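S.K.:
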DNA sequence: AGAATGGGCGCC
DNA sequence: TGGGCGCCCATTCT
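Residue numbers (the numbering used here): 6 to 653.
(1) Of the choices 538, 628, 448, 203, whose alpha-carbon is the least far from that of residue 389?
(2) Does DSSP classify residue 376 as helix, strand or coil?
(3) Between 88, 604, 46, 484, which has its C-alpha nearest residue 460's C-alpha?
(4) Give the range of the beta strand (DSSP E) segment to which residue 62 is assigned.
(5) Distance check for residue 317 and residue 337, CA to CA, integer angstroms please.
(6) Might you give, ordered along the chain, the residues of its own chain that have their beta carbon closer than 6 angstroms to the beta carbon of residue 515, omitting 5 neighbours on each side?
(7) What does a CB cutoff of less than 6 angstroms around residue 240 pick up in its chain, not counting 5 residues either side in sequence?
(8) Quick one: what does DSSP say residue 388 is sitting in, helix, strand or coil?
(9) Around the C-beta of residue 581, are 16 or more other C-beta atoms found within 10 angstroms, so that it is buried, or is it exposed?
(10) Report the three-state DSSP secondary structure of residue 19 (helix, strand or coil).
(11) My assumption, with CB atoms under 8 angstroms, is that residue 9 sits in contact with residue 59. Please give the rounded CB distance.
(12) Nearest by alpha-carbon distance to residue 66: which of 367, 555, 463 is it?
(13) Are residue 299 and residue 279 touching if we call contact CB-CB under 8 angstroms?
(14) Give the secondary structure of residue 80 by DSSP, where H, G and I count as helix, E and B as strand, and everything else as coil.
(15) For the beta strand (DSSP E) that residue 590 lies in, which residues bound it at each end?
(16) DSSP has residue 26 in a bridge; who is on the other side?
(17) Taking 6 angstroms as the limit between beta carbons, can you name the residues of its chain near residue 627, skipping five residues before and five after?
(18) Using 8 angstroms as the threshold, is the segment 599-615 in touch with the segment 434-447, meaning 3 or more CB pairs across them?
(19) Quick one: grab the DSSP three-state call for residue 268.
(20) For the beta strand (DSSP E) that contains residue 421, what are its first and last residues?
(21) Look up residue 370 in the DSSP assignment and say whether it is helix, strand or coil.
(22) What does the Cβ neighbour count give for residue 83, buried or exposed, with the cut at 16 atoms within 10 Å?
(23) Is the beta carbon of residue 87 closer than 8 angstroms to that of residue 172?
(24) With DSSP as the reference, identify every bridge partner of residue 521, one or two as the case may be.
(25) Between the alpha carbons of residue 596 and residue 73, how many angstroms are there, rounded?
(26) Please report how far the alpha carbon of residue 393 lies from the alpha carbon of residue 19, in whole angstroms.
(27) Where residue 106 and residue 170 are concerned, what is the direct C-alpha to C-alpha distance, given to the nearest angstrom?
(28) Tell me the DSSP bridge mates of residue 581?
(29) Mind checking which residues open and close the alpha helix (DSSP H) that includes residue 495?
(30) Tell me whether the beta-carbon of residue 527 lies closer than 8 angstroms to the beta-carbon of residue 57.
(31) In the structure shown, what three-state DSSP assignment does residue 469 receive?
(32) Quick one: residues in its chain with C-beta nearer than 6 angstroms to the C-beta of residue 21, no 5 flanking neighbours on either side, listed in chain order?
(33) Residues in the same chain with beta-carbon distance under 7 angstroms from residue 502, minus the five sequence neighbours each way, listed in chain order, please.
(34) Are there any heavy atoms of the ligand NAP lying less than 7 angstroms away from the beta-carbon of residue 613, as far as the coordinates show?
(35) Just checking my contact of residue 622 with residue 416 at CB under 8 angstroms: how many whole Å lie between their CB atoms?
(36) Report the option in 330, 199, 230 whose CA atom is closest to the CA atom of residue 242.
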């Protein structure tokens, strides 16, 4: 590659719409470094030229600020953080840890001076320094900020040189071994092109019907209040007793110096009140005051009795109808669901509500972990993750999705891949029956169901369990059958899909030999647990399952992402993505584009079976749930028809 | 007082 | 005792 410039900006905060750019650092080489004003002419010309190249560490952050400030970005963009993740998804991805790893501690030359400056203004970060510097005309911190920024630029540039070289060496090795797709091709064809799409998505955000959301908040809150009163009344006696115990504990702890500060602080918030939001308190209520034996319920990771919904559901079912606890648990379950909605979505000053700017939210979509120092983070399979808010776990069928609406004059085009991962299991395994089922548009769930002597629903669960290599124990739990029965089901399953069984054997052989897996699009996943732990230990089995699942999940992620890239290349605005579904915002007078979108999605990547895409127009995100339900019904109907035909 | 961990739960 | 995520709260650690 020709000349490349490393770029890093310093800002007064993390929000490209609210915070200001302090300056732009650029490094042409390790000795030619500058810290420029955002309006610098030469800089603007460079970035506007499609022949130029820039690299940054998490460059999306910088570009969102620059674009918002009116800077045109037409040059090619590269990212050392995303590159580092492809080299090793288990390593720390921050600029500092990577610099440390690749060229030692010189990366921290200016750290001490910076820390001194930050603490001198009682600040927490360089952002505080930038803010103070911009506000104060005497600019007392400019030289510190610029020095720090330029150092980051140099480190990014050095890192780029070393990382891209390592990626190319790996690429050549894999080519010799017969691969056509490698982490290098993945980076060039998928990761970096997607960055431009994500920048557009994040800058655009999504509109919220704030008025309706507020109305819904009031409904939830009054419901919740009522339920809380009901529960507190029912459990009044037990709660009193627990509160006495809590009070005694506070008194006892107060007498020790150590406990003083903590207990007093907590007392300000909850006092010695029973807290329905505390799983500890709930456990005390159920297992101590109501005397439910802890042997009868599921245990948590640390061996304590679980108060999870499924655990309490079992308990609820086992109680006599007029048992007091049964009535409490009934209300508690609903109360907790409502509370979750309130805290995550409708509560003022937290969750979704606190993230609304005007009438929009601006979610982030991560390709790699944010890399807080000490953590690895990241989406190891190549899926995206979303946050602030997380658009990928909005509750299905709840009111919440109704409040996410298109811009005026626009409509949401929603599409999703039908049974994407099962189709990819067919493609990757080349199992004859799986392939035939999808080529001839047969109902796979029905086929499996019949083969194991069960209904369609059981067939469906079994099919999905297969992708995850579920145990008989787990399947039994899912299907409400005995473990022995499920062992037979699994045997029957693999007799039917011999090709898939062979595929798993081959996968296992590969994993045991190399301790890693490769996706068809060239993404790698190392499985250190394979060599670090003896066979058949818990950790080893976990790593093996990760290895089985990776090629399927990763290829699915690639396909959706590549569809997004192609759509964006054709000027379509993508609003959000949930792994196998995408929402595009289309002007109302451009609906002729809908068949084009579907065609692109279905044909973006060639596999051995047809990919099926369902596509619909929506006026809010909530309708995607309705569609999903309808699809299920349609499938059922088809299978009934076919069964009836067979009978007739 | 803030960071880290655990429990729990939402999604594909 | 399927895989992959993020976020809330309470609690403990430092």
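We put the CB at the ideal spot given by N, CA and C, even for glycine. Owing to the predicted nature of the structure, the values given are computational and were not obtained by experimental measurement.
M.R.: Answer, in terms of the structure:
(1) The sequence position of residue 389 within the first chain is 384, counting from 1. Measuring from the Cα of residue 389, the nearest candidate turns out to be 203.
(2) In the first chain, the residue the question calls residue 376 occupies position 371. With a pLDDT of 43 at residue 376, under the threshold of 50, the modelled position of this residue cannot be trusted; read the value that follows with caution. Residue 376 falls in the coil class under three-state DSSP.
(3) In the first chain, counting from the first residue as 1, residue 460 sits at position 455. Ranking the options by Cα distance to residue 460, first place goes to 484.
(4) Position 57 of the first chain, counting from 1, holds the residue named residue 62. From DSSP, residue 62 is part of no beta strand (DSSP E); its letter is neither H nor E.
(5) On the first chain, residue 337 is found 332 positions in, with the first residue counted as 1. On the first chain, residue 317 is found 312 positions in, with the first residue counted as 1. So the two alpha carbons sit approximately 10 angstroms from each other.
(6) Here residue 515 corresponds to residue number 510 of the first chain, with the count starting at 1. Nothing meets the Cβ criterion.
(7) To locate residue 240, count along the first chain from 1; it is residue 235. Hits under 6 angstroms: 333.
(8) Residue 388 sits at position 383 when you count from the first residue of the first chain. Three-state result, residue 388: coil.
(9) The count along the first chain starts at 1 and reaches residue 581 at position 576. It is buried - the Cβ of residue 581 has at least 16 other Cβ atoms within 10 Å.
(10) Locating residue 19 in the first chain gives position 14, where the first residue counts as 1. Correct three-state label for residue 19: coil.
(11) Position 4 of the first chain, counted from the first residue, corresponds to residue 9. Position 54 of the first chain, counted from the first residue, corresponds to residue 59. Contact holds; Cβ gap of about 7 angstroms.
(12) Here residue 66 refers to the residue found at position 61 when the first chain is read from its first residue. Comparing Cα-Cα distances from residue 66 to each of 367, 555, 463, the minimum goes to 367.
(13) The residue labelled residue 299 in the question sits at position 294 within the first chain. The residue labelled residue 279 in the question sits at position 274 within the first chain. No, the Cβ-Cβ distance between residue 299 and residue 279 is not below 8 angstroms.
(14) The residue labelled residue 80 in the question sits at position 75 within the first chain. Three-state DSSP puts residue 80 in coil, outside helix and strand.
(15) As a working mapping, residue 590 is identified with position 585 in the first chain. Per DSSP, residue 590 belongs to the beta strand (DSSP E) from 586-592.
(16) Taking the first residue of the first chain as 1, we reach residue 26 at position 21. 16.
(17) Within the first chain, residue 627 is the residue found at index 622, counting from 1. Result list for residue 627: 406, 407, in chain order.
(18) yes
(19) Position 263 of the first chain holds residue 268. Low local confidence applies: a pLDDT of 48 at residue 268 is under 50, so the model's placement there is unreliable, and no value is given.
(20) Position 416 of the first chain, counted from the first residue, corresponds to residue 421. From DSSP, the beta strand (DSSP E) with residue 421 extends over 415-422.
(21) As a position in the first chain, residue 370 is number 365, starting the count at 1. Three-state result, residue 370: strand.
(22) Here residue 83 refers to the residue found at position 78 of the first chain. With 16 or more other Cβ atoms within 10 Å, it is buried.
(23) Counting from 1 along the first chain, the entry for residue 172 is found at position 167. Counting from 1 along the first chain, the entry for residue 87 is found at position 82. Contact: no.
(24) Position 516 of the first chain, counted from the first residue, corresponds to residue 521. DSSP, once it has assigned bridges, lists 531 as partnering residue 521.
(25) If you number the first chain from 1, residue 596 lands on position 591. If you number the first chain from 1, residue 73 lands on position 68. Going by the C-alpha atoms only, they are around 29 angstroms apart.
(26) For the purposes of this step, residue 393 is taken as residue 388 along the first chain, with counting starting at 1. For the purposes of this step, residue 19 is taken as residue 14 along the first chain, with counting starting at 1. Spanning the two alpha carbons is a distance of roughly 12 angstroms.
(27) Start at 1 with the first residue of the first chain, and residue 106 comes out as number 101. Start at 1 with the first residue of the first chain, and residue 170 comes out as number 165. Each residue's alpha carbon lies about 15 angstroms from the other.
(28) Residue mapping note: residue 581 aligns to position 576 of the first chain, counting from 1. In the DSSP output, where bridge partners are listed per residue, residue 581 has 588.
(29) Working through the first chain from its first residue, we reach residue 495 at position 490. First-last of the alpha helix (DSSP H) with residue 495: 488-501.
(30) As a working note, residue 527 is residue 522 in the first chain. As a working note, residue 57 is residue 52 in the first chain. No, these two residues do not count as a Cβ contact at 8 angstroms.
(31) For the purposes of this step, residue 469 is taken as residue 464 along the first chain, with counting starting at 1. Reduced to three states, the DSSP call for residue 469 is helix.
(32) Position 16 of the first chain, counting from 1, holds the residue named residue 21. Cβ within range, chain order: 69, 70, 73.
(33) In the first chain, counting from the first residue as 1, residue 502 sits at position 497. Same-chain partners within the cutoff: 436, 438, 439.
(34) Ligands are entirely absent from the displayed structure, and the ligand NAP is therefore not among its contents.
(35) The residue given as residue 622 occupies position 617 in the first chain. The residue given as residue 416 occupies position 411 in the first chain. About 5 angstroms; that satisfies the 8 angstroms criterion.
(36) In the first chain, counting from the first residue as 1, residue 242 sits at position 237. Of the candidates 330, 199, 230, the one whose C-alpha sits nearest the C-alpha of residue 242 is 330.
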